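Below is one structure; the comments refer to it alone.
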Amino acid sequence: MLIAVIAYDGFTDVDLFLPFDFFHRVKTPYGAGYGGAWTVRILSDQPRLTSYSGVSVEAHGELAEAAAADAVFVVSGDGSRAKLADPDFMAALQLDPSRQVIGGIGSGALILVGLGLLDGLSATTYPPVMPELEAMGVRPEMRALVVHGNVATAGGCLASLDLCAWMVTRLLDPAAAARVRSSFDPNS
Numbered sequence: 006m007l008i009a010v011i012a013y014d015g016f017t018d019v020d021l022f023l024p025f026d027f028f029h030r031v032k033t034p035y036g037a038g039y040g041g042a043w044t045v046r047i048l049s050d051q052p053r054l055t056s057y058s059g060v061s062v063e064a065h066g067e068l069a070e071a072a073a074a075d076a077v078f079v080v081s082g083d084g085s086r087a088k089l090a091d092p093d094f095m096a097a098l099q100l101d102p103s104r105q106v107i108g109g110i111g112s113g114a115l116i117l118v119g120l121g122l123l124d125g126l127s128a129t130t131y132p133p134v135m136p137e138l139e140a141m142g143v144r145p146e147m148r149a150l151v152v153h154g155n156v157a158t159a160g161g162c163l164a165s166l167d168l169c170a171w172m173v174t175r176l177l178d179p180a181a182a183a184r185v186r187s188s189f190d191p192n193s
């Protein structure tokens, strides 16, 4: 399986690194210990990305790879609005919820709206972003996680744990998701 984490300049550090680590732990013995094919890649429209706080990271591949992914996680951050307005970035994201598990954290939900994945649905996001979500025609819900079929949104950085666990549940099973989640929070 291929898990694509979509990032861009101005990403929020925790919204990239926490999901990347969560998905990576699916293969580790202290996580789910999954023995099947499982690859996690950071995809972007540029080779090097810098977070809102100045942390730089190399992308593993181009956005077009997301079309073949089993799951796609869209990060949040100040740079999301620029990407939402970038027709090349948006066109490169050819996502299909009929065969992919898709999630967006915080303002990553705006990108899912821009792709038409939340038309006529509700979603959640980081609380200050709720008015933007509503202005785009999506009914905002003040909840940690909102799920519609294979598409989910999460609001607030720590809601990444909920979103990642939901995605791993959809891809593998609830037990694998719970084992990875407990490696982050033994009380979960």
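Counting from 1 along the sequence shown, just add 5 to a position and that's the residue number in this note's numbering. In this text, a Cβ means the ideal position worked out from N, Cα and C, and glycines have one as well. Since we're looking at a predicted model, the values are computed, not measured.
Examine the Cβ distances between the region 167–185 and the region 37–53 and report whether three or more of them are shorter than 8 Å.
yes
Are the CB atoms of residue 111 and residue 134 within a distance shorter than 8 Å?
yes
Find out if the Cβ-Cβ distance for the pair residue 122, residue 152 is shorter than 8 Å.
For residue 122 and residue 152, no; Cβs fall outside 8 Å.
Note the first and the last residue of the continuous alpha helix (DSSP H) segment covering residue 115.
113–119
Residue 29, enclosing alpha helix (DSSP H) - first and last residue:
18–29
Can you give me the start and stop residues for the alpha helix (DSSP H) that residue 240 sits inside?
Because residue 240 is not part of the residues shown, which for the chain are 6 to 193, the question remains open.
At the level of alpha carbons, what is the spacing between residue 33 and residue 27?
10 Å
DSSP beta-bridge partners for residue 78?
10, 108
Among 38, 24, 189, the one whose alpha carbon lies nearest that of residue 2:
For residue 2 there is no data in the structure shown, the boundaries of the chain being 6 and 193.
Whole-angstrom Cβ separation of residue 132 and residue 160, contact assumed at under 8 Å?
7 Å
Comparing the C-beta of residue 69 with each C-beta of chain B, is any distance below 8 Å?
As a matter of chain content, chain B is missing from the structure shown, which is built from one protein chain.
Tell me which same chain residues have a C-beta within less than 8 Å of the C-beta of residue 181, skipping the five on either side of it?
31, 37, 39, 173, 174
First through last residue of the alpha helix (DSSP H) which encompasses residue 138
135–140
Backbone secondary structure at residue 159 - three-state DSSP:
strand
Below 8 Å on the Cβ atoms is my guess for residue 186 versus residue 170; work out the distance and round it to an integer in Å.
5 Å
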